[in-house]
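Note sheet for the following structure.
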Amino acid sequence: AQSVAQPEDQVNVAEGNPLTVKCTYSVSGNPYLFWYVQYPNRGLQFLLKYITGDNLVKGSYGFEAEFNKSQTSFHLKKPSALVSDSALYFCAVRALLMDTGRRALTFGSGTRLQVQP
Amino acid sequence: EAQVTQNPRYLITVTGKKLTVTCSQNMNHEYMSWYRQDPGLGLRQIYYSMNVEVTDKGDVPEGYKVSRKEKRNFPLILESPSPNQTSLYFCASSLSGGHYEQYFGPGTRLTVT
Chain A
7 AQSVAQPEDQ VNVAEGNPLT VKCTYSVSGN PYLFWYVQYP NRGLQFLLKY
57 ITGDNLVKGS YGFEAEFNKS QTSFHLKKPS ALVSDSALYF CAVRALLMDT
107 GRRALTFGSG TRLQVQP
Chain B
1326 EAQVTQNPRY LITVTGKKLT VTCSQNMNHE YMSWYRQDPG LGLRQIYYSM
1376 NVEVTDKGDV PEGYKVSRKE KRNFPLILES PSPNQTSLYF CASSLSGGHY
1426 EQYFGPGTRL TVT
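If you read the sequences in order, they're chains A and B. The opening position of the first sequence corresponds to residue 7 in the numbering used here, with each subsequent residue numbered one higher. The opening position of the second sequence corresponds to residue 1326 in the numbering used here, with each subsequent residue numbered one higher.
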């Protein structure tokens, strides 16, 4: 079975400060990793993904994420937070399930980011 | 505009009354999927479809049915809804089921009393 852990339910950061939202995963084989953001009363929006290659991935709205294979992590980062970044963030992993052959997509439980002015 | 639409956005119903939530995408995507979102549990996949007439169970398929007769539509059917199916439901689509990102609909908030 594969799993995704987002250890922090909420992250608070002051505007202008750097932010990190943590994500670790457990899979068999090589994963595809994603970050999505959800604003109130909206569906999820894609931010960025890691498929292969460079461990540092850049995405929308100035966000980036670093893939660390040895630590099985894919933390989301931004150098300078904005109040408008306040939202719910989801990490997701897609990998091949050996028992079913299905390439399942598993989401973490989400982390609420609160950026204070 | 590229989008995934869902209807209805809000629905309150009673136990046992069959309902259908529609989902449509205009991006010619092959892969479509249904998720439910519950507090503290993130999104869990209910069913997915790799293409027309190809559907398969996700992680929490019990109590749900789907069909994929046309590429653009992927309705979710609750034959006999129960209160534990009260949730926020999202439809999503992507080019295929591999490394492509998914596009999500706006969500359907379902309450079963």
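Beta carbons are placed, not taken as given, at the ideal position from N, Cα and C, and that holds for glycine. It should be emphasised that the depicted structure is a prediction, and the values quoted were computed from it without experimental measurement.
Check, Outcome
"Determine which residues share a DSSP beta bridge with B:Gly-1367 and list them.", "B:Asp-1363"
"Under 8 Å between C-beta atoms, does A:Tyr-38 make it to chain B?", "yes"
"So what does DSSP say about B:Asn-1332, is it helix, strand or coil?", "strand"
"Roughly how many angstroms separate the alpha carbons of B:Val-1437 and A:Lys-75, rounded to a whole number?", "43 Å"
"Could you confirm whether any beta carbon from chain B is found closer than 8 Å to the beta carbon of A:Arg-118?", "no"
"Run through chain B and tell me which residues come within less than 8 Å of A:Phe-69, C-beta to C-beta.", "Ordered by position in chain B, no residue passes the 8 Å Cβ test against A:Phe-69, which lies about 14 Å from the chain."
"Hey, could you find the ends of the beta strand (DSSP E) B:Cys-1348 is sitting in?", "1344-1350"
"Consider the Cβ of A:Gly-49: report whether some Cβ of chain B lies at a distance smaller than 8 Å.", "yes"
"Starting from the C-beta of A:Gly-116, find all residues in its chain whose C-beta is less than 6 Å away, skip the five residues before and the five after it, and write them out in chain order.", "Leu-94 and Phe-96"
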